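S.K.: Numbering (the working numbering), first residue to last: 3 to 263.
The beta carbon of each residue, even a glycine, is placed where N, CA and C say it ideally should be.
This one's a predicted model, so the numbers in the text were calculated from it and none came from an experiment.
Sharing a structure below in structure tokens format, with a few things to ask.
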DNA sequence: ATGGTAGTAAAACTA
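If you want it as structure tokens, here you go:
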């Protein structure tokens, strides 16, 4: 049995965040780092810096220069796929990797723009398509882990001023319901398991809010969720605010979880 | 109540 450390981090452009991500990996030494919003097409992904510090890196971007997901790991997976099985595949939003001891799904869920916009409907449908993917392609009796920037704060406790955010696409009731529909398959929120009812724990701080970090005005929209059996093997979960204090930080900060596997 | 910043890129568009 060994400790397996898994992290998720919306890097908001991997090329602009290498000065944070590479030293952070060397210091924290997670077994797997799931990244979102890499904002780079596959032919331009900076894989050499990861290889030089002993990490394999898988990635799935697109020519659009937005979205993009990646997975850095100390040991390469048995195999991996990108995209959802249903149309449109959104290969720049989801990467699935199969390891000997667990199955990992790293997602960048659509943000939604505004609750009266077609992109919000797309977000709600995306959660449903993800639900169908989990139900059809995985067993909740396996060690299954779903993580990433899920663009949803599940409850009032997960945002600074819940009363002012009821119509925000990352807090609106319909989005919360669509998210709960996925977690109802049996997913356990690993951060909440270890910090029940703990307030002021956020993973996203809007650049446009002055001094958001020091005033702790943020959102908990990045998550690590697992099947019940894997949750029983979790030993810790924590948000690492340190990278948010670096030069040119991402607007998100890493979330980590440790498991006895 | 609006707009605030940072990324992609090369003017808006996205978050």
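Check whether the Cβ atoms of residue 152 and residue 111 lie closer than 9 Å to each other.
M.R.: What you label residue 152 is simply residue 150 of the first chain in a count that begins at 1. What you label residue 111 is simply residue 109 of the first chain in a count that begins at 1. Result yes, Cβ atoms of residue 152 and residue 111 sit closer than 9 Å.
S.K.: Can you tell which of 67, 30, 32, 5 has the C-alpha that lies nearest to the C-alpha of residue 17?
M.R.: Here the question's residue 17 lines up with position 15 in the first chain. Comparing Cα positions, the closest option is 67.
S.K.: Is DSSP giving residue 44 helix, strand or coil here?
M.R.: Your numbering for residue 44 matches position 42 in the first chain. Three-state DSSP puts residue 44 in a helix.
S.K.: Thinking C-alpha only, which one of 105, 93, 102 is nearest residue 128?
M.R.: If you number the first chain from 1, residue 128 lands on position 126. Checking every option, the nearest Cα to that of residue 128 belongs to 93.
S.K.: Drop a sphere of 10 angstroms on the beta-carbon of residue 39, count the other beta-carbons inside from all chains shown, and report buried for 16 or more, exposed for fewer.
M.R.: One-based indexing of the first chain puts residue 39 at position 37. By the neighbour-count rule (16 or more Cβ atoms within 10 Å), residue 39 is buried.
S.K.: Exposed or buried, what is residue 145 when buried is set at 16 or more other beta-carbons lying within 10 Å of its beta-carbon?
M.R.: Translated into the one-based positions of the first chain, residue 145 becomes position 143. Counting Cβ neighbours within 10 Å, residue 145 comes out buried, since at least 16 surround it.
S.K.: Would you kindly check if the distance between the Cβ of residue 82 and the Cβ of residue 60 is under 9 Å?
M.R.: Here residue 60 is taken as the residue at index 58 of the first chain, counted from 1. Here residue 82 is taken as the residue at index 80 of the first chain, counted from 1. Yes, they are a contact pair.
S.K.: In the DSSP assignment, find the unbroken beta strand (DSSP E) run with residue 146 in it and report its ends.
M.R.: Residue numbering aside, residue 146 sits at position 144 when the first chain is read from its first letter. Residue 146 -> beta strand (DSSP E) spans 146-151.
S.K.: Helix or strand or just coil, what does DSSP make of residue 80?
M.R.: Locating residue 80 in the first chain gives position 78, where the first residue counts as 1. Reduced to three states, the DSSP call for residue 80 is coil.
S.K.: Spatial neighbours of residue 191 within its chain, please: C-beta separation below 6 Å, excluding the five flanking residues on both sides.
M.R.: By one-based count along the first chain, residue 191 stands at place 189. 227.
S.K.: How would you label residue 182, buried or exposed, when you count the other beta carbons within 10 angstroms and need 16 or more for buried?
M.R.: Locating residue 182 in the first chain gives position 180, counting from the first residue. Burial call: exposed.
S.K.: Helix, strand or coil, according to DSSP, for residue 27 in the structure here?
M.R.: In the first chain, counting from the first residue as 1, residue 27 sits at position 25. Of the three classes helix, strand and coil, the one that applies to residue 27 here is helix, per DSSP.
S.K.: Within 8 Å, do at least three Cβ pairs link the stretch 165-184 to the stretch 113-133?
M.R.: Yes: at least three Cβ pairs fall under 8 Å.
S.K.: Report back the beta-carbon spacing between residue 149 and residue 10 to the nearest angstrom; my notes put them in contact at under 8 Å.
M.R.: Here residue 149 corresponds to residue number 147 of the first chain, with the count starting at 1. Here residue 10 corresponds to residue number 8 of the first chain, with the count starting at 1. Right, the Cβ-Cβ distance comes to about 4 Å (below 8 Å), so this counts as a contact.
S.K.: How big is the Cα-Cα spacing for residue 232 and residue 224?
M.R.: Taking the first chain and counting its residues from 1, one reaches residue 232 at position 230. Taking the first chain and counting its residues from 1, one reaches residue 224 at position 222. Distance between the alpha carbons of residue 232 and residue 224 is about 19 Å.
S.K.: What residues match up with residue 10 in a beta bridge as DSSP calls it?
M.R.: Indexing the first chain from 1 puts residue 10 at position 8. DSSP lists 36, 257 as partners of residue 10.
S.K.: Let me know if residue 69 comes out buried or exposed under the rule of 16 or more other beta-carbons within 10 Å of its beta-carbon.
M.R.: Counting from 1 along the first chain, the entry for residue 69 is found at position 67. Counting Cβ neighbours within 10 Å, residue 69 comes out buried, since at least 16 surround it.
S.K.: Are the Cβ atoms of residue 95 and residue 34 separated by less than 9 Å?
M.R.: The sequence position of residue 95 within the first chain is 93, counting from 1. The sequence position of residue 34 within the first chain is 32, counting from 1. Going by C-beta atoms, residue 95 is not nearer than 9 Å to residue 34.
S.K.: Note down, in chain order, each residue of its chain lying with its Cβ closer than 6 Å to the Cβ of residue 315, except the 5 sequence neighbours on either side.
M.R.: Nothing about residue 315 can be read from this structure; the chain reaches only from 3 to 263.
S.K.: Rounded to whole angstroms, what's the CA-CA distance from residue 71 to residue 139? Just pull it up for me.
M.R.: Position 69 of the first chain, counted from the first residue, corresponds to residue 71. Position 137 of the first chain, counted from the first residue, corresponds to residue 139. When rounded, the distance between both Cα atoms is 20 Å.
S.K.: Taking DSSP as the reference, what is the three-state secondary structure of residue 135?
M.R.: As a position in the first chain, residue 135 is number 133, starting the count at 1. It is helical.
S.K.: How would you write the range of the beta strand (DSSP E) that residue 105 sits in, first residue to last?
M.R.: Counting from one through the first chain, the residue named residue 105 turns up at place 103. First-last of the beta strand (DSSP E) with residue 105: 105-110.
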